[in-house]
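Enquirer:
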Amino acid sequence: MRFEIMRLDDVDGTAVDSTVVDAASVNRIVQQAASIGQRIYIRPAENSAS
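Just so you know, we're using the numbering used here here: the sequence shown kicks off at 6 and counts up by one.
1) Are the beta-carbon atoms belonging to ALA28 and MET11 less than 8 Å from one another?
2) Alpha carbon to alpha carbon, what distance is there between GLU51 and GLN43?
3) Would you mind sorting ASP14 into buried or exposed? The rule is 16 or more other CB atoms within 10 Å of its CB.
4) Return the residue from the list ILE41, VAL26, VAL35 and ARG33 that minimises the CA-CA distance to PRO49.
5) Whose C-alpha, out of ASN32, SER30, GLU9 and ARG33, is nearest the C-alpha of ASP22?
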């Protein structure tokens, strides 16, 4: 499963940028964000038609 992780602006909470990662990478990214106090939003990534 893949997830979209959006980095949020510290002031108003709007999405600044986003990336799509596999499930194995989510924990590492959450740990990194927590260590620096970064706000993130995680949701399942939409399946793209190939």
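Quick reminder that beta carbons are idealized off the backbone N, C-alpha and C, glycines included.
Expert: In short:
1) In the sequence shown, counting from the first residue as 1, residue 28 sits at position 23. In the sequence shown, counting from the first residue as 1, residue 11 sits at position 6. Result no, Cβ atoms of ALA28 and MET11 do not sit closer than 8 Å.
2) Your numbering for residue 43 matches position 38 in the sequence shown. Your numbering for residue 51 matches position 46 in the sequence shown. Whole-angstrom Cα-Cα distance: 24 Å.
3) Counted from its first residue, the sequence shown places residue 14 at position 9. An exposed status is given to ASP14, since fewer than 16 other beta-carbon atoms sit within 10 Å of its beta-carbon.
4) Working through the sequence shown from its first residue, we reach residue 49 at position 44. Checked all of ILE41, VAL26, VAL35 and ARG33; the closest Cα to PRO49 is VAL26.
5) Within the sequence shown, the letter at position 17 stands for residue 22. Here the closest residue by C-alpha is GLU9.
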